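Line by line, the protein sequences are chains H, R, G and P. Per our numbering, residue 1 is the first one in the first sequence, and the count goes up by one each step. Per our numbering, residue 413 is the first one in the second sequence, and the count goes up by one each step. Per our numbering, residue 825 is the first one in the third sequence, and the count goes up by one each step. Per our numbering, residue 975 is the first one in the fourth sequence, and the count goes up by one each step. Glycine included, each C-beta is placed from N, C-alpha and C at the ideal position. The structure presented is a predicted model; accordingly, all values stated were derived computationally and were not measured. This report concerns only the one structure given below.
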Amino acid sequence: MPTWPNVRADFPVLHQQVNGKPLVYLDNGATSQKPRSVIDALVHYYERDNSNVHRGLHTLSMRATDGYEGARTRVARFINAADPAEIIFTRGTTEGINVVARSWGHAHLKPGDIVLATGMEHHSNLVPWQQAARASGATFKFVPVLGADAEGGLDLAALDQLLTPQVKVFAFTHISNTLGTINPAAEFCRRARAVGAVTVIDAAQSVGHGPLDVQALGCDFLAFSGHKMCGPTGIGVLYGRRALLDKLAPDETGGGMVVSVTYEAATWKPAPERFEAGTPNVADAIALGAACDYLDALGRDQIAAHDALLAQYAMEQLSVLPGIRIIGPRVGAPRSGLVSFAFEGVHAHDIVTFADEDGVALRGGHHCNQPLMRHLGLTSTTRASFYLYNTEQEIDVLVASMRRILKFFGTA
Amino acid sequence: MPTWPNVRADFPVLHQQVNGKPLVYLDNGATSQKPRSVIDALVHYYERDNSNVHRGLHTLSMRATDGYEGARTRVARFINAADPAEIIFTRGTTEGINVVARSWGHAHLKPGDIVLATGMEHHSNLVPWQQAARASGATFKFVPVLGADAEGGLDLAALDQLLTPQVKVFAFTHISNTLGTINPAAEFCRRARAVGAVTVIDAAQSVGHGPLDVQALGCDFLAFSGHKMCGPTGIGVLYGRRALLDKLAPDETGGGMVVSVTYEAATWKPAPERFEAGTPNVADAIALGAACDYLDALGRDQIAAHDALLAQYAMEQLSVLPGIRIIGPRVGAPRSGLVSFAFEGVHAHDIVTFADEDGVALRGGHHCNQPLMRHLGLTSTTRASFYLYNTEQEIDVLVASMRRILKFFGTA
Amino acid sequence: MSDLADLYQQVILDHNRRPRNRGKLPTANRVAHGDNPSCGDQCSVYLRLDGDRIGDISFDGSGCAISQASASLMTVQLKGKTAAEAEKLYQQFHDIVTTGKEPEEISDIGAFAGVHAFPARIKCATLGWHAALNALKGDPVPATTETHKD
Amino acid sequence: MSDLADLYQQVILDHNRRPRNRGKLPTANRVAHGDNPSCGDQCSVYLRLDGDRIGDISFDGSGCAISQASASLMTVQLKGKTAAEAEKLYQQFHDIVTTGKEPEEISDIGAFAGVHAFPARIKCATLGWHAALNALKGDPVPATTETHKD
Ligand SMILES: Cc1ncc(COP(=O)(O)O)c(C=O)c1O
Ligand SMILES: Cc1ncc(COP(=O)(O)O)c(C=O)c1O
Chain H
1 MPTWPNVRAD FPVLHQQVNG KPLVYLDNGA TSQKPRSVID ALVHYYERDN SNVHRGLHTL
61 SMRATDGYEG ARTRVARFIN AADPAEIIFT RGTTEGINVV ARSWGHAHLK PGDIVLATGM
121 EHHSNLVPWQ QAARASGATF KFVPVLGADA EGGLDLAALD QLLTPQVKVF AFTHISNTLG
181 TINPAAEFCR RARAVGAVTV IDAAQSVGHG PLDVQALGCD FLAFSGHKMC GPTGIGVLYG
241 RRALLDKLAP DETGGGMVVS VTYEAATWKP APERFEAGTP NVADAIALGA ACDYLDALGR
301 DQIAAHDALL AQYAMEQLSV LPGIRIIGPR VGAPRSGLVS FAFEGVHAHD IVTFADEDGV
361 ALRGGHHCNQ PLMRHLGLTS TTRASFYLYN TEQEIDVLVA SMRRILKFFG TA
Chain R
413 MPTWPNVRAD FPVLHQQVNG KPLVYLDNGA TSQKPRSVID ALVHYYERDN SNVHRGLHTL
473 SMRATDGYEG ARTRVARFIN AADPAEIIFT RGTTEGINVV ARSWGHAHLK PGDIVLATGM
533 EHHSNLVPWQ QAARASGATF KFVPVLGADA EGGLDLAALD QLLTPQVKVF AFTHISNTLG
593 TINPAAEFCR RARAVGAVTV IDAAQSVGHG PLDVQALGCD FLAFSGHKMC GPTGIGVLYG
653 RRALLDKLAP DETGGGMVVS VTYEAATWKP APERFEAGTP NVADAIALGA ACDYLDALGR
713 DQIAAHDALL AQYAMEQLSV LPGIRIIGPR VGAPRSGLVS FAFEGVHAHD IVTFADEDGV
773 ALRGGHHCNQ PLMRHLGLTS TTRASFYLYN TEQEIDVLVA SMRRILKFFG TA
Chain G
825 MSDLADLYQQ VILDHNRRPR NRGKLPTANR VAHGDNPSCG DQCSVYLRLD GDRIGDISFD
885 GSGCAISQAS ASLMTVQLKG KTAAEAEKLY QQFHDIVTTG KEPEEISDIG AFAGVHAFPA
945 RIKCATLGWH AALNALKGDP VPATTETHKD
Chain P
975 MSDLADLYQQ VILDHNRRPR NRGKLPTANR VAHGDNPSCG DQCSVYLRLD GDRIGDISFD
1035 GSGCAISQAS ASLMTVQLKG KTAAEAEKLY QQFHDIVTTG KEPEEISDIG AFAGVHAFPA
1095 RIKCATLGWH AALNALKGDP VPATTETHKD
């Protein structure tokens, strides 16, 4: 398993006790922790360069602008976008998807069209499309998941049937935050393109966890969040192919994105400014650039391998617990660095509360995935999600904690 | 003039040289600098408490949630909102106004209605209303500014004429970022209410610069940015009266703002969650709370007095320069802590470039106020804008720099 | 573990394992549903109002031990009570889970005092109660612990 | 100040104070408008194309010393040139303002070499040129220095 000497030393938050036990942070699917270099980027910006961007000609404003636009170029390189102008800074994945669903949806969807998503979408890549379909009179459909515990991933045969020329947009997650399923995103894009559908990838769980190349994927739009990839909260990215962005009307309007304004009318700058009304989140964009540096220094293929091995180890260790039901890909099948499970007779909330007593941070609930939960016949699962700083020893602590809980509730 | 001992020591960024001269930061209208306590709040959050909010039951998640909701309560107190649920965290003023213009505008505006703004609005409080009017078929009107140099503020007689029962919304700035005019916001709200119009205040330039009480103002919505009030970039607030918010449809949709989701439909939580789709900007919200603490510790009435005295001093010192044209309120009339001016024969950009050589950070341009500039017969002005850490000595440096520039260009 | 032992008292574990009055009540003339959207807990309360008095009551749903035990215990407590008495009992219960102060009269609802040390779980403990009060009001909107902030 | 003196050379100050070919050209058969939305600089270029050659050219607008002087000097440079020659001259000019390298042949446009030390001002220096090239292309869309990124 790839590990990096002293990588945990880079993350100040990890070195604390919770309820008298060393913190074992296994809630990375919700948000990741931040290395010192990312925190330092924020401090450095505010202590040296802070100013408003774009509209300034003095030294600090030029430094802030260089930092902000440098971060855009850095992110473009991180996902291999053809042009930094294809990088729009947002608050996060959710905002990015809303921008596409609203701007693109408003311009292109009409009654009779089909909006296609999948049965494993996070609410953030599901509800905006429902709403866009409703607003335009289009029909919303989804690709079902296969297997009682969704161990089969998406139903590719159904996808073939569903991908008709009526489909105007296909929105899907790259990696499921609940199942750990890794979808064949490039193949989905290829198939969608064959019927003329625009593709929107929810990359919240994938961008910081492995190599990602938007040109190789062949997607039209892709959204992700900084906070899940060692970056700060409040910053994210919407990637859009230049050819599409330049034809799109702005979503929000205001300062910084206009060419000319009269009391009667206004004209827009091209992308990316067109989609960044108002003062942007300069400091967090710069810190996101630092997060890209950090992850690339470790090696994203190495991170992916590390996370996947931890997930396999966790699957093995957890699967012997009495009454456990692990959802998503089977042991040995490709899965991202997370494991979701449920116990007969013990609710996820009680598990999370007890695990916290052992210093273990887990997530319990529907993971913003209510329709999938209903499909699985569950109301909630417990999820352990891993990142580059987690270790096998931490998984041993997790498993020991689970044993204790099962004992307390008398189910083991 | 109220000053605070060692207040400049609180702001690390101020202690640097620019082009070999001590930095004189007079671009506070664009963005303010950050005190150590605000930077520390970010560092502390990322080093100790970082986690996702709301959906977590483990210790870090509870700490993050407490911090985030505590910041909401702190901001509510800062502007005297009746209920923390009236505080919606946004990226900044621009996003807040867009949310109202879209959500409220979409639900309430129809052909024949009038959307009223003023002749001194920042693009961020102008273009969204133009667009909302256009989308709904309503008519966009504005209250003109009085006087050749807008020294008369808004035309209150015209306001009387314009405020007919057809006016559904009146959007106006509390303080003009270009003129320094302080509008009688409470009176505007009273008059608008009398004809049944909803009021939206752009408080970008006012909230951090003096006392502000939304209940005393009697407004329906009010938007501001954290970065202009000692807070970080990427965070702002939309205040909305609870009675209005609870009737409003969400603007963005996704995780965290839904009660129940099926593949077919979704239902919404009440405010504020309804308007905060996705992972919020937790760290910056908490740091905004620290900024509220900082400003209240100094005293906001004191800050307002300090800024106003600096502006009067700058007016006096600048007014004797040859060929200067100062816009906005006359010497002695109430004005906020900024002065905009133009010189015959020397363009604002050249001034800003030369001033930067003297370490003085100014803004030159249209200040996102193109229609007002056109009204004044100008294409740009130079703006010096002050905040709590500025001094009379810095204004002396500014004036000396202006003299040097005028000499260089042969106009003095 | 002392906090956790306070939270998961025997009364609670017992009601969680063997919930009382669980399932649909065929004779119900009032029903309300509660959601805890943060975690997916759900609780439906069915009750038969005989005049002003709760003639019978049941609950159904899924959730953590705290929410299930609370709903179960609630049905026991409310049977035979008037709407006004139910409201008063809820106030007592709410005080207990938010302050941790045990009630003056000895009562099983005192078992929920440990909840106050786990603010994130207060919503779990009150979910069933909110649904019951909504059912009593004949309120047609679904109760959620988010709309009825604690 | 040495950088600033490089930026504001005598040639530039002179063109700024006494712009050449300023105002609307009555005989123009091509026109284009350029905006620098960040700062409000504007420049309209009017030109008369006689066959492939720029018979006459003028500019109008408002902006900083750099943008005004650059537009003024440009009109002097472009008069009598073909569209292809104009394009080539712009490439030279662009190289000068972005790299600071003075041109091989002695030319007034070398005065703009100091701009390269002020990246935020490159847009000012190229505004008029963009408008002129757009006018030559008969491009109906207004030129802005934002759409034609440097
Ligand atoms: C009066 C006024 N309104 C709105 C804004 C926009 O604020 P932001 O860019 O933070 O969204 C500003 C600042 O640029 C302003 O001065
Ligand atoms: C797959 C997936 N999509 C979308 C999101 C939403 O991201 P955010 O909350 O940062 O907008 C998440 C994370 O919560 C996620 O896991």
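Under a 10 Å Cβ-count criterion, residue 93 (chain H) is classified as buried, with 16 or more other Cβ atoms of the shown protein chains found around its own Cβ. Contact annotation, residue 114 (chain H) with residue 237 (chain H): C-beta distance approximately 27 Å; criterion of less than 8 Å not satisfied. Bounds of the beta strand (DSSP E) holding residue 680 (chain R) are 678-680. Neighbours of residue 370 (chain H) across chain G, judged by C-beta separation under 8 Å: 864. Closest in C-alpha terms to residue 428 (chain R), from the list H:25, H:287, H:60, comes H:60. If you compare the alpha carbons of H:283, H:389, H:367 with that of residue 379 (chain H), the shortest gap goes to H:367. Under a 10 Å Cβ-count criterion, residue 175 (chain H) is classified as buried, with 16 or more other Cβ atoms of the shown protein chains found around its own Cβ. Neighbourhood of residue 1094 (chain P) in chain H, by CB distance below 7 Å: 57, 62, in chain order. A distance criterion of 7 Å places the beta-carbon of residue 204 (chain H) in contact range of ligand 2, judged by its closest non-hydrogen atom.
Excluding the 5 residues flanking it on each side, residue 266 (chain H) has same chain C-beta neighbours closer than 6 Å at 258, in chain order. Closest by C-alpha distance to residue 517 (chain R), out of R:809, R:633, R:642, is R:633. Per DSSP, the continuous alpha helix (DSSP H) segment holding residue 294 (chain H) begins and ends at 282-298. Contact annotation: residue 511 (chain R) and residue 614 (chain R) have beta-carbon atoms that are not nearer than 8 Å.
By the Cβ criterion, the segment 740-752 of chain R is in contact with the segment 790-810 of chain R, since at least three pairs of Cβ atoms, one from each stretch, lie closer than 8 Å. If only complete runs of 4 or more residues are kept, the segment 121-183 of chain H shows the alpha helix (DSSP H) at 127-136, 156-162, in order along the chain. Collapsing the DSSP output to three states places residue 752 (chain R) in a strand. Annotation: residue 214 (chain H) to residue 556 (chain R) spans about 49 Å, alpha carbon to alpha carbon.
The C-beta of residue 715 (chain R) has 16 or more other C-beta atoms within 10 Å across all chains shown, which makes the residue buried.
The beta carbons of residue 346 (chain H) and residue 405 (chain H) sit closer together than 8 Å. In its chain, beyond the 5 residues on either side, 283, 286 have a beta carbon closer than 6 Å to the beta carbon of residue 45 (chain H).
The secondary-structure analysis by DSSP pairs residue 886 (chain G) across a beta bridge with G:866. Between ligand 1 and residue 504 (chain R), a heavy atom-to-CB distance of less than 7 Å is present.
For residue 437 (chain R), the three-state secondary structure derived from DSSP is strand.
For residue 942 (chain G), no alpha helix (DSSP H) segment is defined, and its DSSP state is neither H nor E.
By the CB criterion at 8 Å, residue 692 (chain R) and residue 465 (chain R) fall inside the cutoff.
Within chain G, the residues placing a beta-carbon under 8 Å from that of residue 379 (chain H) are 864, 865, 866, 886, 887, ordered along the chain. Under the Cβ criterion of 8 Å, residue 978 (chain P) is counted among the residues facing chain R. Distance check between residue 832 (chain G) and each of G:940, G:957, G:961 places G:940 closest, using alpha-carbon atoms only. Within 8 Å of the CB of residue 766 (chain R), the CB atoms of chain P belong to 978, in sequence order along the chain.
Assignment of residue 1007 (chain P) by DSSP, reduced to helix, strand and coil, places it in the strand class.
Take residue 1111 (chain P), set aside five residues on each side of it, and no residue of its chain has a beta-carbon closer than 7 Å to its own. Closer than 8 Å to the CB of residue 462 (chain R) there is at least one CB belonging to chain H. Taking non-hydrogen atoms of ligand 2 into account, the C-beta of residue 691 (chain R) is found less than 7 Å away from one of them. By the Cβ test, the segment 390-407 of chain H is in contact with the segment 314-332 of chain H, since at least three Cβ pairs between them sit closer than 8 Å.
Each of R:739, R:685, R:656 was checked against the Cα of residue 519 (chain R), and the nearest Cα belongs to R:656.
Look at the segment 629-659 of chain R: it has no residue with a C-beta under 9 Å from a C-beta of chain G.
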